[in-house]
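Following: one structure in structure tokens, then a few remarks.
There are 4 protein chains.
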Amino acid sequence: MNVAVVGGNKCSRKIYKVAQKLGELIASEGWVLICGGGLGVMEAACKGAKEKGGLTVGILPSFDAREANPYLDIKIPTGLDYARNILVVRAAEVIVAIDGRYGTLSEIAFALNEGKRVYGIETWDIKGTIKVKSPQEAIERIKRFMGTVAEYNSP
Amino acid sequence: MNVAVVGGNKCSRKIYKVAQKLGELIASEGWVLICGGGLGVMEAACKGAKEKGGLTVGILPSFDAREANPYLDIKIPTGLDYARNILVVRAAEVIVAIDGRYGTLSEIAFALNEGKRVYGIETWDIKGTIKVKSPQEAIERIKRFMGTVAEYNSP
Amino acid sequence: MNVAVVGGNKCSRKIYKVAQKLGELIASEGWVLICGGGLGVMEAACKGAKEKGGLTVGILPSFDAREANPYLDIKIPTGLDYARNILVVRAAEVIVAIDGRYGTLSEIAFALNEGKRVYGIETWDIKGTIKVKSPQEAIERIKRFMGTVAEYNSP
Amino acid sequence: MNVAVVGGNKCSRKIYKVAQKLGELIASEGWVLICGGGLGVMEAACKGAKEKGGLTVGILPSFDAREANPYLDIKIPTGLDYARNILVVRAAEVIVAIDGRYGTLSEIAFALNEGKRVYGIETWDIKGTIKVKSPQEAIERIKRFMGTVAEYNSP
Numbered sequence: 098m099n100v101a102v103v104g105g106n107k108c109s110r111k112i113y114k115v116a117q118k119l120g121e122l123i124a125s126e127g128w129v130l131i132c133g134g135g136l137g138v139m140e141a142a143c144k145g146a147k148e149k150g151g152l153t154v155g156i157l158p159s160f161d162a163r164e165a166n167p168y169l170d171i172k173i174p175t176g177l178d179y180a181r182n183i184l185v186v187r188a189a190e191v192i193v194a195i196d197g198r199y200g201t202l203s204e205i206a207f208a209l210n211e212g213k214r215v216y217g218i219e220t221w222d223i224k225g226t227i228k229v230k231s232p233q234e235a236i237e238r239i240k241r242f243m244g245t246v247a248e249y250n251s252p
Numbered sequence: 098m099n100v101a102v103v104g105g106n107k108c109s110r111k112i113y114k115v116a117q118k119l120g121e122l123i124a125s126e127g128w129v130l131i132c133g134g135g136l137g138v139m140e141a142a143c144k145g146a147k148e149k150g151g152l153t154v155g156i157l158p159s160f161d162a163r164e165a166n167p168y169l170d171i172k173i174p175t176g177l178d179y180a181r182n183i184l185v186v187r188a189a190e191v192i193v194a195i196d197g198r199y200g201t202l203s204e205i206a207f208a209l210n211e212g213k214r215v216y217g218i219e220t221w222d223i224k225g226t227i228k229v230k231s232p233q234e235a236i237e238r239i240k241r242f243m244g245t246v247a248e249y250n251s252p
Numbered sequence: 098m099n100v101a102v103v104g105g106n107k108c109s110r111k112i113y114k115v116a117q118k119l120g121e122l123i124a125s126e127g128w129v130l131i132c133g134g135g136l137g138v139m140e141a142a143c144k145g146a147k148e149k150g151g152l153t154v155g156i157l158p159s160f161d162a163r164e165a166n167p168y169l170d171i172k173i174p175t176g177l178d179y180a181r182n183i184l185v186v187r188a189a190e191v192i193v194a195i196d197g198r199y200g201t202l203s204e205i206a207f208a209l210n211e212g213k214r215v216y217g218i219e220t221w222d223i224k225g226t227i228k229v230k231s232p233q234e235a236i237e238r239i240k241r242f243m244g245t246v247a248e249y250n251s252p
Numbered sequence: 098m099n100v101a102v103v104g105g106n107k108c109s110r111k112i113y114k115v116a117q118k119l120g121e122l123i124a125s126e127g128w129v130l131i132c133g134g135g136l137g138v139m140e141a142a143c144k145g146a147k148e149k150g151g152l153t154v155g156i157l158p159s160f161d162a163r164e165a166n167p168y169l170d171i172k173i174p175t176g177l178d179y180a181r182n183i184l185v186v187r188a189a190e191v192i193v194a195i196d197g198r199y200g201t202l203s204e205i206a207f208a209l210n211e212g213k214r215v216y217g218i219e220t221w222d223i224k225g226t227i228k229v230k231s232p233q234e235a236i237e238r239i240k241r242f243m244g245t246v247a248e249y250n251s252p
């Protein structure tokens, strides 16, 4: 399963730690971490995931991989600038938003528009997102949701 | 100048009239109306613009022009589904959002993210948008803004 | 109907005249001219179309309208760089390619891949394109093709 | 380094084996295999890469991962249909084309247009591509090219 972590290119130390923890937990579940490949929240989540041996993918706005954070296994330069935000959303089954500004808001909106689950940690307060207090709670909720989906699909 | 009108595929009669009036005023200024080409707010704005002899452009999610509203001069089918939202935003100098749901929110977010002015009428309450009460006020504000820009750019 | 004219940003005087004539003829038929908005073949076709009072649309690679040729009624900046080529193709019912290099080849390939008719004047020799000797022949062929389609669709 | 393998969704048994061998060799070099995620040449290359423990990425045309071949580590659904072809090209440093039809031609054209190296095995005969006779020769040539680039960039 692919989980997208979305958030700003810049963030406080506190938010960085939250994102890093989230990355660790995603990797521990064996899920692939999808992000926009940049710094801040994206870098933190990738760092956490790599520390737990996870797989990280960065869908980059640029034409080359130079602006990527150093914790990416797979770099996908798109040359689409911020239009790549929608690709981050489409590439994942669920989205976790942490902090962030307008770019993050666009990802939340796109995800909800395409009927995807969005879990939010200290981010935009948009109707339809599922507010969670911690990375642990986000993972717990995602697992419960995926379990329900799996049960529903099994014979 | 290109002005984008963004809003939902469905809307109340009251909102329809607001969007139609906005379309009329945009056309009266000689501006090109850009939209997603669909129904609801998009159709209303195009209808208004055509009644005043304006030029209307619909950047459509589909591969063909069949899902377009009947008031479009130029139909641009993109085959990108809702990823076309960012094209609507990029095609315009300023954006006016009326009502709307997550698709509209994604357009507001993208526009603010790319540093564009967003005027909002009874729509999402997002920091950075300029709330206006009527189509007339939106036009008034846009003209003042463009005047400042023009002045700033003139020798 | 939308007709796309694709070709290089640079071209010889001879090719410029061919493209200009094609633009004139497209406008005379009342068709909308779609192009990438640039110089060379694109500029020539738009110039021709405007001389006959036609409507011209440029789907631009950039984020703003400054790199557009001066004969565009509608400028659609996309910020997608050459990925906008596929939008030029998708926006049109038929494509006419004149001269051109790899960008033009990508447009020919995309059009054929999506099952669209491509008429070629002194351009890439790709199986599936319909070679024509002049703008006049291109228009003649397009009219015959559209007639067949219309007949086929009429009750 | 990311290497894209492009080719048709359908292919002969002979071409399948060529693509599979290429996938094996790409994985043996420790390179990431990028492709469109589909069947035919794409599936074969992924199968080969997985047999050698490589990492495979499929940039899919659809909105979900169901149409992916079974040898993908990372599935990136885009919802852009064939517009995803340009993303396959942009995601890779070099491209190897095998067989294929118009979709493959669009990828060759885009790659050449963006100044990327394209190695071709029994595919479209387009000026600017580097014709090679076998997967082994393709790998040899890529290594030589990357060596030159690395040397050029080293102090």
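Chains as they are written, first to last, in my numbering: chain A, 98 to 252; chain B, 98 to 252; chain C, 98 to 252; chain D, 98 to 252.
Where a beta carbon is used, it is the ideal one built from N, C-alpha and C, also for glycine.
Within the 8 Å Cβ cut-off, does residue i reach chain D?
| i | result |
| --- | --- |
| R187 (chain A) | yes |
| F242 (chain A) | no |
| V129 (chain A) | yes |
Quick check on residue i: buried or exposed, where buried means 16 or more other Cβ atoms within 10 Å of its Cβ?
| i | result |
| --- | --- |
| D161 (chain B) | exposed |
| T220 (chain A) | buried |
| P167 (chain D) | exposed |
| T153 (chain A) | buried |
| T245 (chain D) | exposed |
| D196 (chain C) | buried |
| M98 (chain D) | exposed |
| R241 (chain B) | exposed |
| K147 (chain D) | buried |
Grab me the residues of residue i's own chain with a C-beta within less than 7 Å of its C-beta, minus the 5 sequence neighbours each way, in chain order.
| i | result |
| --- | --- |
| R198 (chain D) | G105 |
| K149 (chain A) | E121, A124, S125 |
Let me see if you follow: with CB-CB separation under 8 Å, is residue i close to chain B or not?
| i | result |
| --- | --- |
| F207 (chain C) | no |
| T175 (chain C) | yes |
| Y199 (chain A) | yes |
| L202 (chain A) | yes |
| I239 (chain C) | no |
Tell me which residues share the same chain as residue i and place their Cβ nearer than 8 Å to its Cβ, disregarding the 5 neighbours each side in the sequence.
| i | result |
| --- | --- |
| K213 (chain D) | V186, A189, E190, V191, I192 |
| E164 (chain B) | G134, G135, L157, P158 |
| V100 (chain B) | I123, W128, V129, L130, I131, A189, E190, V191, I192, V193, I239 |
| L181 (chain D) | The displayed chain sequence assigns Arg, not Leu, to residue 181 (chain D). Around R181 (chain D): G133, I156, L157, P158, T175. |
Whole angstroms are fine: how far does the CA of residue j sit from the CA of residue i?
| i | j | result |
| --- | --- | --- |
| F207 (chain C) | I236 (chain A) | 42 Å |
| G135 (chain C) | A141 (chain C) | 10 Å |
| I183 (chain C) | K230 (chain A) | 43 Å |
| W128 (chain D) | L202 (chain C) | 29 Å |
| E121 (chain C) | I131 (chain C) | 13 Å |
| G151 (chain B) | G200 (chain C) | 33 Å |
| E144 (chain C) | R110 (chain C) | Contrary to the premise, residue 144 (chain C) reads as Lys rather than Glu in this sequence. Each residue's alpha carbon lies about 14 Å from the other. |
| E211 (chain A) | I218 (chain D) | 39 Å |
| Y216 (chain C) | M243 (chain C) | 13 Å |
| Q233 (chain A) | I227 (chain B) | 37 Å |
| V102 (chain C) | I112 (chain C) | 13 Å |
| V138 (chain A) | M139 (chain C) | 43 Å |
Looking only at its own chain, which residues have a Cβ that is under 6 Å from the Cβ of residue i, when we skip the five neighbours before and after it?
| i | result |
| --- | --- |
| D178 (chain D) | P158 |
| I223 (chain C) | I205 |
| G176 (chain D) | F160 |
| G225 (chain A) | L209 |
Is the CB of residue i under 8 Å away from at least one CB in chain C?
| i | result |
| --- | --- |
| D178 (chain A) | yes |
| I156 (chain D) | no |
| E211 (chain D) | yes |
| I112 (chain B) | no |
| I171 (chain B) | yes |
Any beta carbon of chain A sitting closer than 8 Å to that of residue i?
| i | result |
| --- | --- |
| I192 (chain D) | no |
| N99 (chain B) | no |
| L184 (chain D) | yes |
For the region 106–120 of chain B against the region 112–124 of chain A, are there 3 or more C-beta pairs whose distance is under 8 Å? A contact between stretches requires three or more CB pairs, one per stretch, nearer than 8 Å, and the region 106–120 of chain B fails this requirement with the region 112–124 of chain A.
Count Cβ pairs between the region 152–171 of chain D and the region 166–176 of chain B that sit closer than 8 Å; are there 3 or more? Taking a cut-off of 8 Å on C-beta distances, the region 152–171 of chain D does not touch the region 166–176 of chain B, as fewer than three cross pairs fall below it.
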